[in-house]
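Peer 1:
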Amino acid sequence: MGRSSGFIAMHASLSSGQVDVCLIPEVSFALDGEYGVLQHLEQLIKNKGFCVVCVAEAAGQELLQNSGATDASGNAILSDIGVHMQQKIKTHFKGIGVHADIKYIDPTYMVRACRANASDAILCTVLGQNAVHGAFAGFSGITSCICNTHYVYLPVT
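In UniProt numbering, the protein residues as written are 1 to 157.
1. Please list the segments of the beta strand (DSSP E) lying wholly inside the stretch 19-56, counting only runs of 3 or more residues, in order along the chain.
2. Apart from the five residues just before and just after residue 113, which ones in its own chain have a Cβ nearer than 6 Å to its Cβ?
3. Taking the continuous alpha helix (DSSP H) assigned at residue 81, which residues delimit it?
4. Between residue 53 and residue 38, what straight-line distance do the alpha-carbon atoms span, to the nearest angstrom?
5. To the nearest angstrom, report how far apart residue 55 and residue 155 are at their CA atoms.
6. Starting from residue 133, trace the alpha helix (DSSP H) both ways and give me its first and last residue.
7. Return the chain-ordered list of same chain residues with a C-beta closer than 7 Å to the C-beta of residue 24, the five sequence neighbours on each side being excluded.
8. Give me the DSSP bridge partner(s) of residue 69.
9. Closest to residue 101 by CA distance: which of 107, 93 and 108 is it?
10. If you drop the 5 nearest sequence neighbours on each side, which residues of the same chain put their C-beta closer than 8 Å to that of residue 134?
11. According to DSSP, simplified to helix, strand and coil, what is residue 11?
12. Where residue 128 and residue 122 are concerned, what is the direct C-alpha to C-alpha distance, given to the nearest angstrom?
13. So the candidates are 33, 124, 96 and 45; which of them puts its Cα closest to the Cα of residue 21?
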């Protein structure tokens, strides 16, 4: 799970049962064309009258202009795919004469500010305890993690 993964978007979409389109970085997509996202949204609006789209932070970066900028950690600063999608959808539906009321919700703070669920809390506790056990056993330069359902120590370097 990380910013280049669609883990959160995909799991939120699957668990809600409300999302019609989930765009994740692991699967490339086209906006235009016969099999493009916009054409699919057109069909959804025509058939259901509404649709819900969930977009992962790193999805569709190849469709956006890369600024080449990096953050303090040296990671590339991603372009805002949410705003881009909102504008493209508005423009598309306006162009075909269909009224589309677009709501854009950026969950950045909601995702990071909500309480951990029970399984996340347990996982963090166990990983933290294992890290302490590793330190008391004399290990350094390691991280505590899960690999194939087993708790293990892996070297950081």
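Just so you know, even glycine gets a beta-carbon here, dropped at the ideal spot from N, CA and C.
Peer 2: For this structure:
1. If we require 3 residues or more, the beta strand (DSSP E) runs fully inside the stretch 19-56 come out as 21-23 and 53-55.
2. Along the sequence shown, one-based indexing puts residue 113 at 113. Around residue 113: no qualifying Cβ.
3. The residue given as residue 81 occupies position 81 in the sequence shown. Segment 81-95, the alpha helix (DSSP H) holding residue 81.
4. By one-based count along the sequence shown, residue 53 stands at place 53. By one-based count along the sequence shown, residue 38 stands at place 38. Approximately 11 Å between the Cα atoms of the pair.
5. If you number the sequence shown from 1, residue 55 lands on position 55. If you number the sequence shown from 1, residue 155 lands on position 155. C-alpha separation (whole angstroms): 33 Å.
6. One-based indexing of the sequence shown puts residue 133 at position 133. Residue 133 -> alpha helix (DSSP H) spans 118-136.
7. Sequence index remark: in the sequence shown, residue 24 carries index 24 (1-based). So the qualifying residues of the chain are 6, 9, 10, 56 and 59.
8. On the sequence shown, position 69 is the one that residue 69 refers to. Beta-bridge pairing links residue 69 to no other residue.
9. Along the sequence shown, read from residue 1 onward, the residue named residue 101 stands at position 101. Of the listed residues, the one whose Cα sits closest to residue 101 is 93.
10. Counted from its first residue, the sequence shown places residue 134 at position 134. Around residue 134: 142, 144 and 153.
11. Taking the first residue of the sequence shown as position 1, residue 11 is located at position 11. It is helical.
12. Locating residue 128 in the sequence shown gives position 128, where the first residue counts as 1. Locating residue 122 in the sequence shown gives position 122, where the first residue counts as 1. C-alpha of residue 128 to C-alpha of residue 122: approximately 10 Å in a straight line.
13. By one-based count along the sequence shown, residue 21 stands at place 21. For the residues 33, 124, 96 and 45, the minimum Cα distance to residue 21 belongs to 45.
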